[in-house]
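Chains as they are written, first to last, in our numbering: chain Z, 280 to 638; chain Y, 280 to 638.
Where a beta carbon is used, it is the ideal one built from N, C-alpha and C, also for glycine.
It should be emphasised that the depicted structure is a prediction, and the values quoted were computed from it without experimental measurement.
Heads up, the thing below is written out as C-alpha cells.
2 protein chains.
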Amino acid sequence: MQGAKSATDVTRAADPAPPAPGGRATLKTIADLTGLHVSTVSRVLNGTTTGARAASAATAERIRQVAREVGYVPDIQAAGLRRQSSRLLGVMMARLTDQVLASIYEGVERAATRHGFHTMVSNTWDDPATRQAHVAMLLSRRVDAMIFGDAHVDGTFLAEFAAHGVPFVLVNRRAADHPSVTCDDVEGGRLAAEHLYAQGHRVVGVVAGLPYAANGIDRTTGFTRYFAERGRPVPGDHVVHASFDAAGGALAAERLLDLDPRPSAIFAVSDFAAIGVLGVLRERGLRAGRDVAVVGFNDVPIAAQLTIPLSSVRNPMHEVGARGVDLLVRLMRGEPVDRITLAPELRVRESSALPYPGA
Amino acid sequence: MQGAKSATDVTRAADPAPPAPGGRATLKTIADLTGLHVSTVSRVLNGTTTGARAASAATAERIRQVAREVGYVPDIQAAGLRRQSSRLLGVMMARLTDQVLASIYEGVERAATRHGFHTMVSNTWDDPATRQAHVAMLLSRRVDAMIFGDAHVDGTFLAEFAAHGVPFVLVNRRAADHPSVTCDDVEGGRLAAEHLYAQGHRVVGVVAGLPYAANGIDRTTGFTRYFAERGRPVPGDHVVHASFDAAGGALAAERLLDLDPRPSAIFAVSDFAAIGVLGVLRERGLRAGRDVAVVGFNDVPIAAQLTIPLSSVRNPMHEVGARGVDLLVRLMRGEPVDRITLAPELRVRESSALPYPGA
DNA sequence: TTGTACGCGTTATCAT
DNA sequence: ATGATAACGCGTACAA
C-alpha cells in the first residue's frame with residue numbers, strides 16, 4: 280500500500296481535512312462549505328424541520344454528509360446558553376468508594392441517559408464546606424436539577440438550597456419531606472429484628488451508621504422498635520453510631536463486644552460495617568454465626584462470597600438511583616411527586632443461620 | 280414575630296429580592312443595580328484589575344456587595360464559550376462500583392480541584408459503544424482534557440481519539456506509549472510470586488483479570504516470569520482470565536481448583552476477585568491459608584478485615600489518580616511527559632502466612 | 001480606572 | 001423551505 284497513491288490525490292489537494300486538527304468545526308464551517316446558511320444547517324442537524332419535502336431531503340443529506348466529513352461536534356455549552364437549559368443533572372454522594380453509593384449512582388447515570396440528561400457527580404465526604412463548594416460549581420454550570428444522596432436529617436442545607444429554585448430529589452437518605460427515593464429502611468430494620476428475635480436472640484447490638492444519616496436512623500428505628508414491642512427494648516449503649524465502612528464497623532464492634540452482658544447478635548446497617556464486625560469477632564476468637572450472629576444491610580455482591588457468608592437485607596440500589604431520576608423528571612414537569620420507598624428483602628446466610636443456643 | 284413589621288418595610292417595598300426566585304442574576308443585573316457597566320463588574324469579580332487604587336477599592340466592594348445580595352452565580356458555561364476553555368476534565372472508568380476505580384477517581388477529583396478544574400466521570404463498562412457515547416458527550420461539552428482509566432491494551436480507540444487533539448493521560452491501565460500513571464504492576468506481580476515461591480509453593484494458579492486490561496496483564500507477567508526464571512513456568516491453563524470482581528474470581532477459582540495437580544497457591548490480580556476465590560474455597564471445604572494460599576492485589580481496606588485476612592499487594596490508588604492529573608496538567612502546558620509507575624508493597628496476612636507443608 | 005464594542009456557537013423568531 | 005437577525009452571559013481588546 281506504500282507507493283500506491285492514486286492520481287486523483289494530486290488534483291484534489293486542498294480537502295477540508297476531516298478531523299480538523301487545529302480549530303473545531305462549527306455550524307458556520309458547514310454553512311460555508313455547503314453555501315447554505317447557519318440557521319438552515321442547525322435545523323437539519325437538530326431535526327427541526329416540519330414537513331419532509333423532496334427538495335429538503337437532498338440538502339439535508341448533503342449537510343449531514345459535510346458535517347460528518349469535517350468531524351462536526353455540536354457545542355452543548357453554547358446550545359445550553361441559548362436554550363437556557365444544560366440537560367445536566369448534578370449528583371451529590373458522600374463518597375463513591377462506598378459501593379452502595381456507587382451502585383445507586385450507576386442507576387442514576389443509566390436512567391439519566393435514558394431521559395437525555397448527562398450527570399455530574401461529586402464526592403462530598405459529608406462535609407458541609409465541600410458540599411457547598413461542589414454545589415456552587417454545579418449551579419455555576421447551570422445544572423437543570425440536582426440529586427442529593429448525602430442529605431442530613433436536619434435538612435438545613437436543603438432548605439437553603441431550595442431558595443435557588445433548582446428542582447431536586449433525594450436518594451439513599453430521606454430528609455424532611457423533600458421528595459426522595461429510598462429503600463424502606465424501617466421495614467428493612469424490622470426484617471432483621473424479626474429474624475434475629477425468631478432465632479432466639481434477646482440481647483442485641485446495633486451498628487447504627489452516622490448519626491445524621493436517615494438511612495441508618497430508620498434501619499435502627501425499625502430494628503429497635505421491633506424488640507421494644509416484644510418487651511425487649513434495646514438499651515441506648517447497645518446502639519453505636521459509626522461510619523458505614525469496615526473501619527466504622529470495627530470501631531463499633533469493639534464497643535458492643537465489651538458490653539456486659541455481651542450481645543449474642545449484632546445488626547449492622549451496612550454490609551461493609553458488618554465486615555468490620557466480622558473482623559473484630561475473629562480477632563477476639565469468636566466465630567460469627569455460632570458465637571455471635573451478624574446481619575448486615577444492602578446485600579452487596581461480596582456478602583454471599585465471604586468465608587462466613589453474611590446475612591443481609593437486600594437494598595435495590597440500582598433501582599433507587601433510577602427511580603430517583605424518574606421522580607426528578609416528573610418533578611421538573613411540574614407533576615405532583617411523593618416520597619417513594621422500595622421493598623427490602625431479607626437474605627439469611629451462615630452468619631445468622633443458627634438458632635441461639637441459650638434460647 | 281408575626282405582626283412585627285417595621286415601618287421601613289413600607290417605604291422600600293421594591294427591593295431586589297435576594298435569591299432572585301425567577302430569573303437568575305447576571306452581570307447585567309449587577310451593572311444595572313450599581314449604575315456601572317458590565318465590563319467593570321466583570322473585571323472586579325474576576326480580579327482582573329491592575330493597580331489597587333483608592334477609587335476602585337470602594338466601587339469594587341460595592342460591586343461585590345451587590346453581587347452577594349442578588350445571589351449572583353457566574354455562568355461558567357458562558358465564560359467557557361467566550362474563553363474557549365471549559366476548565367473541565369473528562370474521566371472514563373470501567374465502573375465506579377469497583378472500589379479501586381472509585382479510589383483512583385477520588386484522587387483525580389481532589390487533584391483536579393487543586394488545579395482549578397472540575398471533573399466529569401462516566402462508567403463505560405469496558406464497552407466500546409458506551410465509551411464512544413460518553414466521549415462524544417464530553418467532547419460536546421468541550422472538555423479541556425481527558426483521563427482514561429479504562430484503556431484497552433490494543434490502543435486502537437486511543438489512536439482514534441488522539442485525532443481530536445484533546446490532550447489525555449491514562450491511569451490504572453497503560454496502553455501503547457501514551458502517558459500514563461499506574462502502579463508498577465509487573466513489580467507487584469513479582470512481589471507476590473517471590474513471596475509464594477519462598478513459602479514453598481511450586482504449583483500455582485493466577486486469576487488474571489480481563490484479557491484486554493494492561494494492569495492484569497502486567498501483574499500476571501511479573502508473577503509468571505518469576506516462576507519461569509526459577510525453572511517452574513506456570514502452565515497456560517493455570518492462568519485464567521475473568522472480571523476483576525468477586526464473581527469473576529469465583530468463576531476462575533472453579534477452573535483452577537479443578538486442575539490436576541491442584542495449585543497450592545492462587546494469585547488474584549484484584550482483591551475482590553481474591554474474595555471470590557476465598558468463597559469457592561469455603562464451598563469446597565478448603566481453608567484459605569492452610570490448604571490453599573491466596574494473595575490479592577490493591578490492598579483495599581476490607582482485605583485486612585476479612586475473617587481470613589487477605590495478603591495483598593498495596594496499590595497507591597489515590598496517588599495514581601492525583602499524579603494522573605498532575606501529569607495531565609504538565610502535558611497541557613506542553614511540558615514533556617512520561618509514563619509513571621508507582622511502587623507497590625506486599626502485605627502478608629493469614630491467607631498466605633503459612634509455609635507450604637509439601638515443601 | 002472605566003466605558004464601548006464585539007464575538008464565542010447556538011437556537012428562536014421573523015421575514016421571504 | 002430557507003435566509004437574516006437577535007440574543008443567551010461573559011471576557012477582552014481598544015478607546016476614552
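For Glu624(Y), the first and last residue of its enclosing beta strand (DSSP E): Counting from 1 along the second sequence, the entry for residue 624(Y) is found at position 345. Per DSSP, Glu624(Y) belongs to the beta strand (DSSP E) from 624-626.
Looking at chain Y, which residues of the segment 375-391 of chain Z have a Cβ within less than 7 angstroms of any of its Cβ atoms? Leu375, Thr376, Gln378, Ala381, Ser382, Tyr384, Glu385, Glu388
Would DSSP call Ile309(Y) helix, strand or coil? Here residue 309(Y) is taken as the residue at index 30 of the second sequence, counted from 1. Three-state DSSP puts Ile309(Y) in a helix.
Sorted by chain position, which residues of the same chain lie with C-beta nearer than 6 angstroms to Ser630(Y)'s C-beta, five sequence neighbours on each side aside? Taking the second sequence and counting its residues from 1, one reaches residue 630(Y) at position 351. Taken in chain order, the residues that qualify are Ala567, Gly568, Val573, Ile587, Leu589, Ser590.
8 angstroms CB neighbourhood of His474(Y) in its chain, flanking five on each side removed: Stepping through the second sequence from its first residue, residue 474(Y) is reached at position 195. Only Val574, Ser590, Leu625, Val627, Ser631 meet the Cβ criterion.
Measuring alpha carbon to alpha carbon, tell me which residue in Thr308(Z), Val352(Z), Ser419(Z), His394(Z) is nearest Gln363(Z). Taking the first sequence and counting its residues from 1, the one referred to as residue 363(Z) is at position 84. Checked all of Thr308(Z), Val352(Z), Ser419(Z), His394(Z); the closest Cα to Gln363(Z) is Ser419(Z).
Excluding the 5 residues flanking His517(Z) on each side, which residues of the same chain have their C-beta closer than 6 angstroms to its C-beta? Within the first sequence, the letter at position 238 stands for residue 517(Z). Contacts found: Gly484.
Secondary structure of Arg362(Z), DSSP reduced to three states: Numbered from its first residue, the first sequence carries residue 362(Z) at position 83. If DSSP states are grouped into helix, strand and coil, Arg362(Z) belongs with the helices.
Span of the beta strand (DSSP E), counted from its first residue to its last, around Ala424(Z): For the purposes of this step, residue 424(Z) is taken as residue 145 along the first sequence, with counting starting at 1. That run of the beta strand (DSSP E) goes 424-427.
Around the C-beta of Asp406(Z), are 16 or more other C-beta atoms found within 10 angstroms, so that it is buried, or is it exposed? As a working note, residue 406(Z) is residue 127 in the first sequence. Under this definition Asp406(Z) is an exposed residue.
Kindly indicate if chain Z contains any beta-carbon less than 8 angstroms away from that of Asn594(Y). Taking the first residue of the second sequence as position 1, residue 594(Y) is located at position 315. No - not a single Cβ of chain Z is within 8 angstroms of the one on Asn594(Y).
Report back the beta-carbon spacing between Ala472(Z) and Phe502(Z) to the nearest angstrom; my notes put them in contact at under 8 angstroms. For this step, residue 472(Z) is matched to residue 193 along the first sequence. For this step, residue 502(Z) is matched to residue 223 along the first sequence. Indeed, because the Cβ distance is near 4 angstroms, the residues count as touching under 8 angstroms.
Determine, using beta carbons only, whether Val450(Z) and Val460(Z) come nearer to each other than 8 angstroms. The count along the first sequence starts at 1 and reaches residue 450(Z) at position 171. The count along the first sequence starts at 1 and reaches residue 460(Z) at position 181. Yes, the pair counts as a contact, with Cβ atoms nearer than the cut-off.
Would you say Phe502(Y) faces chain Z, with C-beta separation under 8 angstroms as the test? On the second sequence, position 223 is the one that residue 502(Y) refers to. It does not: the Cβ of Phe502(Y) has no partner Cβ on chain Z nearer than 8 angstroms.
Can you tell me which of the three DSSP states His474(Z) falls into? Counting from one through the first sequence, the residue named residue 474(Z) turns up at place 195. Here His474(Z) sits in helix by DSSP.
Residue interval of the alpha helix (DSSP H) (run including Ile554(Z)): Along the first sequence, read from residue 1 onward, the residue named residue 554(Z) stands at position 275. Taken as a continuous stretch (DSSP letters only), the alpha helix (DSSP H) holding Ile554(Z) covers 550-562.
Strictly by DSSP, which residues pair up with Val573(Z)? Against the first sequence, residue 573(Z) aligns to sequence position 294. Paired residue(s): Ile545(Z).
With a threshold of 7 angstroms on Cβ separation, who are the neighbours of Pro300(Z) within its own chain once the five nearest residues in sequence on each side are excluded? Counted from its first residue, the first sequence places residue 300(Z) at position 21. Here the model assigns Pro300(Z) a pLDDT of 49, short of 50, so the residue's position is not dependable and the matter cannot be decided.
Nearest to Pro636(Y) by CA position, among Ser318(Y), Arg481(Y), His520(Y), is which residue? One-based indexing of the second sequence puts residue 636(Y) at position 357. Of the listed residues, the one whose Cα sits closest to Pro636(Y) is Arg481(Y).
Compute the Euclidean distance between the alpha carbons of Val608(Y) and Leu368(Y), then round it to the nearest angstrom. As a first step, residue 608(Y) is located in the second sequence; it is residue number 329 there, counting from the start. As a first step, residue 368(Y) is located in the second sequence; it is residue number 89 there, counting from the start. Each residue's Cα considered, the two are about 10 angstroms apart.
Residue range of the unbroken alpha helix (DSSP H) whose run includes Val616(Y): As a working note, residue 616(Y) is residue 337 in the second sequence. Looking at the DSSP string, Val616(Y) is not in any alpha helix (DSSP H), and its letter there is neither H nor E.
Within 10 angstroms of its Cβ, does Ser549(Z) collect 16 or more other Cβ (buried), or is it exposed? In the first sequence, residue 549(Z) corresponds to position 270, counting from 1. Buried, because 16 or more other Cβ atoms sit within 10 Å of the Cβ of Ser549(Z).
Strictly by DSSP, which residues pair up with Thr461(Y)? Residue 461(Y) sits at position 182 when you count from the first residue of the second sequence. In the DSSP output, where bridge partners are listed per residue, Thr461(Y) has Thr620(Y).
Check His397(Z) in the structure and name its three-state DSSP category. Counted from its first residue, the first sequence places residue 397(Z) at position 118. His397(Z) falls in the strand class under three-state DSSP.
Using CA atoms only, rank isn't needed, just tell me which of Thr500(Z), Arg410(Z), Phe523(Z) is closest to Pro514(Z). To locate residue 514(Z), count along the first sequence from 1; it is residue 235. Taking only the C-alpha atoms, the option nearest Pro514(Z) is Thr500(Z).
Boundaries (first-last residue) of the beta strand (DSSP E) holding Ser321(Z): The residue given as residue 321(Z) occupies position 42 in the first sequence. Looking at the DSSP string, Ser321(Z) is not in any beta strand (DSSP E); the run it does join, the alpha helix (DSSP H), is 317-325.
Answer with buried or exposed for Ser318(Y), where buried requires no fewer than 16 other C-beta atoms within 10 angstroms of its C-beta. Your numbering for residue 318(Y) matches position 39 in the second sequence. Counting Cβ neighbours within 10 Å, Ser318(Y) comes out exposed, since fewer than 16 surround it.
7 angstroms CB neighbourhood of Phe551(Y) in its chain, flanking five on each side removed: Translated into positions along the second sequence, residue 551(Y) becomes position 272. So the qualifying residues of the chain are Phe523, Asp524, Ala525, Gly528.
Beta-carbon neighbours of Met399(Y), restricted to chain Z and to distances below 7 angstroms: Counted from its first residue, the second sequence places residue 399(Y) at position 120. Here the neighbours are Met399.
For Ala529(Z), would you say it is in contact with chain Y, using Cβ-to-Cβ distances shorter than 8 angstroms as the test? In the first sequence, residue 529(Z) corresponds to position 250, counting from 1. Yes - at least one Cβ of chain Y is within 8 angstroms of the one on Ala529(Z).
Across which residues does DSSP place Gly369(Z) in a beta bridge pair? For the purposes of this step, residue 369(Z) is taken as the residue at position 90 of the first sequence. For Gly369(Z), which the question treats as bridged, DSSP gives the partners Met399(Z), Met425(Z).
Are the segment 369-376 of chain Y and the segment 374-381 of chain Z in contact at 8 angstroms, needing three or more beta carbon pairs? yes
If you measure from the beta carbon of Gly369(Z) to each beta carbon in chain Y, is any gap under 8 angstroms? For this step, residue 369(Z) is matched to residue 90 along the first sequence. No - not a single Cβ of chain Y is within 8 angstroms of the one on Gly369(Z).
Report the rounded CA-to-CA distance for Glu614(Z) versus Val448(Z), giving the unit in angstroms. Taking the first residue of the first sequence as 1, we reach residue 614(Z) at position 335. Taking the first residue of the first sequence as 1, we reach residue 448(Z) at position 169. Near 13 angstroms, if we compare the C-alpha coordinates of Val448(Z) and Glu614(Z).
Helix, strand or coil at Phe447(Z) [DSSP, three-state]: Start at 1 with the first residue of the first sequence, and residue 447(Z) comes out as number 168. Residue state, collapsed to three classes: strand.
Host alpha helix (DSSP H) of Val414(Y) (start-end): What you label residue 414(Y) is simply residue 135 of the second sequence in a count that begins at 1. First-last of the alpha helix (DSSP H) with Val414(Y): 407-419.
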